[in-house]
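These protein sequence lines map, in sequence, to chains A and B. So for the first sequence, the numbering used here puts the first residue at 456; every next one is plus one. So for the second sequence, the numbering used here puts the first residue at 456; every next one is plus one. Okay, structure first, notes after.
Number of protein chains: 2
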Amino acid sequence: MIDIFHDMSSLECFFAPKSVAVIGASSTIGKIGNVIFQNFAMGQFKGKAYPVNPRLDEIIGIKCYASVKDIPEEIDLAVIAIPAKFVPQVMQECGEKGVKCVIVVSAGFAEIGGEGIILEQEIIHLAKKFHMRLLGPNCIGVFDSNTHVDTIFLPIVRMSRPNSGPIAIVSQSGAFMSSLLDWTAAEGLGLSKAISIGNKADVDESDLVEYLANDPLTKVITAYLESIENGNTFIRVAKKVTKQKPIVLMKAGRTKGGASAAASHTGALAGTDEVIDAVIRQLGILRVENSEQMLDLANALAFQPYAKGDRILIVTNGGGAGVMSVDKLEQLGLKVPLLSEDVQHQMMQHYPPYCVARNPVDLTGDTDAERYRIALELGLKSDEIDAALVILLFQTPSLEIEAVEVVQNAQRFKKPIVVACVGGELAAVFSRKLEKFDIPVYPIPERAAFAMWGLVQYGKWLNHVD
Amino acid sequence: MIDIFHDMSSLECFFAPKSVAVIGASSTIGKIGNVIFQNFAMGQFKGKAYPVNPRLDEIIGIKCYASVKDIPEEIDLAVIAIPAKFVPQVMQECGEKGVKCVIVVSAGFAEIGGEGIILEQEIIHLAKKFHMRLLGPNCIGVFDSNTHVDTIFLPIVRMSRPNSGPIAIVSQSGAFMSSLLDWTAAEGLGLSKAISIGNKADVDESDLVEYLANDPLTKVITAYLESIENGNTFIRVAKKVTKQKPIVLMKAGRTKGGASAAASHTGALAGTDEVIDAVIRQLGILRVENSEQMLDLANALAFQPYAKGDRILIVTNGGGAGVMSVDKLEQLGLKVPLLSEDVQHQMMQHYPPYCVARNPVDLTGDTDAERYRIALELGLKSDEIDAALVILLFQTPSLEIEAVEVVQNAQRFKKPIVVACVGGELAAVFSRKLEKFDIPVYPIPERAAFAMWGLVQYGKWLNHVD
């Protein structure tokens, strides 16, 4: 991170450039420089895209330039995908041209040690000299679902692109970020932006977290990090940002071996995990252990209100699933309070005697959607309950699609709701319907409980810092 | 459990009856007694099925009997789905008829307390008196993928049935078992048998675990339990069975609230979790925290050889995913040893210099299947490595379907292999191909690592007890 350019607006050209030069653009299908250029030229990107390659006259009918300096218009963003040793020369030209932001996709820098370190120093120097912001090197760059900036060199047949949505991803692993994009696309989970930070020669996690905090299209910031070099900056930024938006962090290198593997992957020194963990907790960052947890939490935080307390109502049509939910919620420090006799009594007036209204509210296997409606209304409107975890086992005979509307209507109490739908095809169909109403759905009760933990934990943090 | 009938052959009629009476059979589509009877009469069940209902002459063209005693042939299995208060009378008739096994689907027994407890005592008495084995009450009974015994009252449109396969499920929650069947059907994970034990008035987890240990079609026994009443019997059985087959146990009621919810669900007292956990560990049972872990472990144990040691090779095309795997494996107590210089050298002879052959072996984003072949062969044939965790991020440009064959061929080293494929549609397609070769595939590295833990842990147990 270059402190003298610590100005958020300087990152704008990574996400909303008016003009882009793809340096190393290629006409060979599948080549990195071909995919990136096609993403801009053939996709929905609204700005202008210029291919740069001294050996070509044109690519897909678009005039190709020998140097970025030959392009007759201003260039906001240059994407560089050429062998590492040629990158400094091209960066020099970008600087002379007045390019504002540069993404260096190429590998072969600090991560390989030796001369790679020197090369990286050179491009840092050039970025500084010409007041350019630099993302990478050794990264897959930027995916923006709104402006359609897409520097990812993986064709759509390999990696689907997710729809627009409120979750941002910052990743220190390019390959893993591509897997996450492909995954969220398949799951229908929308992203605002995804940024691969690679070697972090200039732009790092702190810059991006700060930028995303001010991005109106981002509601939750998720990050996969293997190292945090500028700890003080990160702490300063995170302290400010967690008051605005939740940060969900997957910090790798938890074990000794993991940390050493992380070091050999990125060439960076990963901090002691105990220290990092303590710091993270104090900053109100939600730390997760894997990418499943990261997306599970992001999904809840993006679409549900934060909880004002930790007292969870469980409504289920399977006793076992209720037990599993209690186990997990309590393990996470949340409460599943016994409902007051008054509320229990009100519920039981509508239920057959074999239902249990204590909490978990067990509506049993012959329930219809109406019993859910009663449990959710009476539970959520009471001041005994802060949030609801709803289990819908759609295998049972009388539970119809109306249950989706019931849960949707229960959102009017402005208390968070998460759902667990265990099963196969039918569960998947009904889950998608629930998600259309912004209700996060999980395939097992324990994952729903973990998501609820995020809503409670972040709600607590906001209350705490207010 | 009735000790005087503690004879495994006595359970046979639950799974392979020659003749079945469905007491409470109905002609109304969707009714419990209709679904169960249709499962036998219209499905692939090879034996004879007789409907019993005094108010009907026939159901779907099949003669209906007023009492089980009127059926002119011997009855191996009676499935009872009528209101609880009528069950003792019908049990009496079953006894007089000489029925061998009875499944009581009906609820309204010990789980509701009061008179339900007395009713349950009555049917236990009748089972004992007439030497009948009793499954339930308050259960969904049996699903057998080979004999097609299927007493589950949920129609196929609600709950898909899984294919035949090597995993057995014993569940104290009927609704949750139905969700698991639906889920495994969608995932393509085959089951041998699934048994819902309900109130365990007679047949309990110990009986079934012992029975399944001798079932040649079952390779892994999984169980969801909320309570273990006959601890001594369970310990005796498990001690014997874990030497033959792995038992994967999800024991609910881990927290105080969970235990109390379990008690109100089943009417049974759940044991202290600390005691249970210690006992489980000493018995070589693999304990899991949720159903995702249960199926993940079962999938690996059913299809892969058990590990002879705990030294894991990681082969990846994404550095980040490698780091995540190390983190999780080490957290679980497994080792990711640095490869010897010799093996590293042999690998690097075939790799470009930016690959890392230390372990994780990072083949980087431009790898093809061939690099995987080299890493797996050199790693698995060495005596430095006991098993391999392979990460395949199919988003990267040069990794083709041949990678599936490469992993398949690596199975000849008779060391366990698990795979993580992170992503969307393409990953799902390639995952299915891998699964056709009996290679378990997981959607994130950490779940693959956990499955590997099961293979190592159970391998250790077998070595330990030999």
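Built from N, CA and C at the ideal position, the CB exists for glycine as well.
Problem - Inside the region 606 to 675 of chain B only - alpha helix (DSSP H) runs reaching at least 4 residues - result: 629 to 642 and 660 to 668
Problem - Reduced DSSP category for P506(A) - H, G, I as helix; E, B as strand; rest coil - result: strand
Handout entry: Close Cβ partners of G596(B) (< 7 Å) along its chain, the five nearest in sequence each way excluded
Key = V534, I558, V560, L590, T606, I607 and S651
Problem - Short CB-CB distance (under 8 Å) between E880(B) and chain A - result: yes
Handout entry: Under 7 Å from the C-beta of E839(B): neighbouring residues of chain A
Key = Per Cβ cutoff of 7 Å: no residues; E839(B) is ~15 Å from chain A at best.
Problem - Test item: CB-CB of L646(A) and S715(A) under 8 Å - result: no
Handout entry: Reference G563(B), options C594(B), C549(B) and V545(B), closest by Cα
Key = C594(B)
Problem - Residue nearest to A824(A) in terms of C-alpha spacing, selected from Q804(A), R813(A), G775(A) and L847(A) - result: L847(A)
Exercise for the section: List the DSSP bridge partners of K782(A). Expected result: Reading off the sequence shown, one finds Asp at residue 782(A), where the question assumed Lys. Paired residues: none, contrary to the question.
Exercise for the section: Pick helix, strand or coil for V845(B), following the three-state DSSP scheme. Expected result: strand
Handout entry: Against chain B: residues of the region 624 to 638 of chain A by CB proximity under 9 Å
Key = S626, Q627, S628, G629, A630, F631, M632, S633, S634, L635, L636, D637 and W638
Problem - Residues that T677(B) bridges to, as DSSP identifies them - result: I624(B) and V703(B)
Handout entry: Through-space distance from R742(B) to A733(B), alpha-carbon basis
Key = 11 Å
Exercise for the section: Buried or exposed for E570(A), please, with buried defined as at least 16 other CB atoms from any protein chain shown within 10 angstroms of its CB. Expected result: exposed
Handout entry: Test: N745(A) CB closer than 8 Å to a CB of chain B
Key = yes
Problem - Candidates I567(B), K552(B), T602(B) and V604(B): closest to L581(B) by CA position - result: K552(B)
Exercise for the section: Return no unless some Cβ of chain A is closer than 8 Å to the Cβ of Y679(B). Expected result: yes
Handout entry: M907(B) beta carbon less than 8 Å from that of I767(B)
Key = yes
Handout entry: Cβ of T727(A) within 8 Å of any chain B Cβ
Key = no
Exercise for the section: Could you please give the first and the last residue of the uninterrupted alpha helix (DSSP H) stretch that includes I573(A)? Expected result: E570 to K584
Exercise for the section: Express the C-alpha separation of K711(B) and Q804(A) in angstroms, rounding to a whole number. Expected result: 28 Å
Handout entry: Test item: CB-CB of I514(A) and P506(A) under 8 Å
Key = yes
Handout entry: Chain-ordered chain A contacts of I899(B) [CB-CB under 7 Å]
Key = N745, S746 and E747
Practice task
In angstroms with no decimal places, state the Cα-to-Cα distance between L738(B) and A640(A).
Solution key: 44 Å
Exercise for the section: Please name the residue, chosen from S465(B), E548(B), K648(B) and V884(B), that lies closest to V928(B) on a Cα-to-Cα basis. Expected result: What the structure shows of chain B is the stretch from 456 to 921, and residue 928(B) is not part of that stretch, so it cannot be assessed.
Practice task
Check the Cβ-Cβ distances between E785(B) and every residue of chain A, and say whether any is below 8 Å.
Solution key: yes
Handout entry: Beta-carbon proximity of E901(B) to M779(B), cut-off 8 Å
Key = yes
Exercise for the section: Take L511(A) and list the residues in its own chain whose beta-carbon comes closer than 7 Å to its own, dropping the five residues that flank it on each side. Expected result: S482 and C519
Practice task
Anything in the region 760 to 786 of chain B with a Cβ closer than 7 Å to a Cβ of chain A? List those residues in chain order, please.
Solution key: N772, G773, G774, G775, A776, G777, V778, M779, V781, D782, E785 and Q786
Practice task
Find the residues of chain A that neighbour R613(B), judging by a C-beta separation of less than 8 Å, and give them in chain order.
Solution key: F849, Q850, T851, P852 and L881
Practice task
Would you mind sorting S634(B) into buried or exposed? The rule is 16 or more other CB atoms within 10 Å of its CB.
Solution key: buried
Practice task
With 8 Å as the threshold, decide whether the Cβ of I567(A) is near any Cβ in chain B.
Solution key: yes
Exercise for the section: Measuring only between beta-carbons, confirm whether A723(A) sits less than 8 Å from chain B. Expected result: With a pLDDT of 49 at A723(A), under the threshold of 50, the modelled position of this residue cannot be trusted; read the value that follows with caution. No, A723(A) does not count as interfacial toward chain B.
Handout entry: R709(A) (DSSP reduced to helix, strand or coil)
Key = coil
Problem - Cα-Cα separation between V845(B) and D821(B), rounded to whole angstroms - result: 16 Å
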